[in-house]
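These notes are about the structure you will find just below.
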Amino acid sequence: MLDYLIYRGGVLPPLNCALRYVLAGNGLLLQAWREHINVLVVLASYTVRGLPPLEPYLSTDLPRISPELLRQMLEICHKQRDEKGEMLEVIFHFLVEGGKWRMVVPEQEQGHTYCRPVGRGEESYRQALLEIHSHHHFPAYFSETDDLDEQGGFRFLGVIGDLFDKPQIRLRLGIYGHFIPLPATFLLALPEGLEDALSGENVNLPVNRPGSVGNAVTNRLWPIQRWSKIWKGWTGSGKGQRCYEVRTGGADDAL
Ligand SMILES: [Zn+2]
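Each residue of the sequence shown is one higher than the one before, counting from 1 in UniProt numbering.
Here it is in structure tokens:
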């Protein structure tokens, strides 16, 4: 399940387990792969003398989820109330079939501050590449419970909040208990009226900029405004693969 490696140069050997911790010149990285998701991310940025740095990446061949499907999801979120009219949380599973996204509202237990798949809902949970749940009128933040629920998963995760005020969604990638914040547009074609909760926030990204080692540019905050420039710079490539680097860096870094 786990592998550990000290990186001394060249190409990383193929991953023969679920995830690998790699010590490189730019710190401690995590390498993981599953169908549709390929990631090498910096967990702890630090200059390790004598080792070459590794360039972090995250790539996927998944299409973006359409605004129509996300609008349907929001409508369903609005309808979740108990008999007293109190809002309930609701969870959605997104599965990929034949290269297309399918949204499932799984069988689930719902409460004012929780929701969890049960019965057949656990089946679609296992297959889901993305799970989104609604915090209805609460803010779009992942709670400690959300973190604990996802210690064993490797999938994208979303949380919706401020549903009636200014609907927002926050996206991250969960890798067996490691969580990487992502711009929502990485995976979602947002409909009008649904905002990325990361907008305007300073995000401490868990990866750093290749080549920054030695310049003492490590683990700084990367403002979303700059960040989004990078995200817009998708490198279209063969086989429909999207690929990008998540970077942190000093304010003077040229993009
Ligand atoms: Zn939650």
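For every residue, glycine included, the Cβ atom is placed at its ideal position computed from N, Cα and C.
Residues passing the C-beta test against ligand 1 heavy atoms, cut-off 5 Å: Selection output, chain order preserved: Ser143, Asp146.
I need the DSSP call for Cys115, collapsed to helix, strand or coil. The answer is strand: DSSP assigns Cys115 an E or B state.
Can you tell me where the beta strand (DSSP E) with Ile76 in it begins and where it stops? That residue, Ile76, is in no beta strand (DSSP E); its alpha helix (DSSP H) goes 67-78.
Cβ separation of Leu43 and Leu29, assumed to be a contact under 8 Å, to the nearest whole Å: 6 Å between Cβ atoms; contact.
Taking Cβ positions, are Gly161 and Ala140 nearer each other than 8 Å? Against a cut-off of 8 Å, the Cβ pair of Ala140 and Gly161 comes out as a contact.
Whose C-beta lies closer than 6 Å to the C-beta of Gln127 among residues of the same chain, with five residues either side of it excluded? Cβ within range, chain order: Leu95.
Using the three-state DSSP reduction, which class does Gln151 fall into: helix, strand or coil? Looking at Gln151 - three-state DSSP - the assignment turns out to be coil, as it is neither helix nor strand.
Return the first residue and the last residue of the beta strand (DSSP E) that Gly174 is part of. 168-175 is the extent of the beta strand (DSSP E) around Gly174.
Work out the CA separation of Gly9 and Thr113 for me, nearest whole Å. Looking at the two C-alpha atoms, the distance is approximately 48 Å.
Just to confirm, is the Cβ distance from Ile91 to Glu122 under 8 Å? Taking the C-beta atoms as reference points, Glu122 is found no nearer than 8 Å to Ile91.
Minimum C-alpha distance to Ala24 - residue among His137, Glu55, Pro183, Glu68: In this structure, Glu55 is the residue among His137, Glu55, Pro183, Glu68 with its C-alpha nearest to the C-alpha of Ala24.
Where Ile65 and Gln151 are concerned, what is the direct C-alpha to C-alpha distance, given to the nearest angstrom? Cα-Cα distance, rounded: 25 Å.
From Asp82 to Glu75, what distance separates their C-alpha atoms? Straight-line Cα distance between these residues: approximately 16 Å.
Residue 283 (DSSP reduced to helix, strand or coil): Nothing can be reported for residue 283, as the shown portion of the chain is limited to 1 through 255.
Keeping to the same chain, check which residues put their C-beta closer than 7 Å to that of His178; ignore five residues upstream and five downstream. Around His178, the same chain offers Leu30, Leu43 as residues with beta carbons nearer than 7 Å, after the five sequence neighbours per side are excluded.
Quick check: the Cα distance between Phe142 and Leu70, rounded to an integer number of angstroms? Using only the alpha carbons, I get a separation of about 19 Å.
Delimiting residues of the alpha helix (DSSP H) encompassing Glu122: In the DSSP assignment, Glu122 falls within the alpha helix (DSSP H) that extends over 121-127.
To which residues of the same chain is His93 closer than 7 Å at the C-beta, ignoring the five residues directly before and after it? Apart from sequence neighbours up to five positions away, the residues of its chain that approach His93 with a beta-carbon distance below 7 Å are Val104, Pro106, Ser124, Tyr125, Ala128, Glu131, ordered along the chain.
Limits of the beta strand (DSSP E) - the one that Leu95 falls within: Leu95 -> beta strand (DSSP E) spans 90-97.
Check Glu131 in the structure and name its three-state DSSP category. When secondary structure is reduced to three states using DSSP, Glu131 falls in the strand class.
Within a Cβ cutoff of 6 Å, which residues of the same chain sit near Tyr4, ignoring the five residues on either side of it in sequence? Excluding sequence positions up to five before and after Tyr4, its CB lies within less than 6 Å of the CB of Tyr21, all in the same chain and listed in chain order.
By DSSP, does Thr47 sit in helix, in strand, or in coil? Here Thr47 sits in coil by DSSP.
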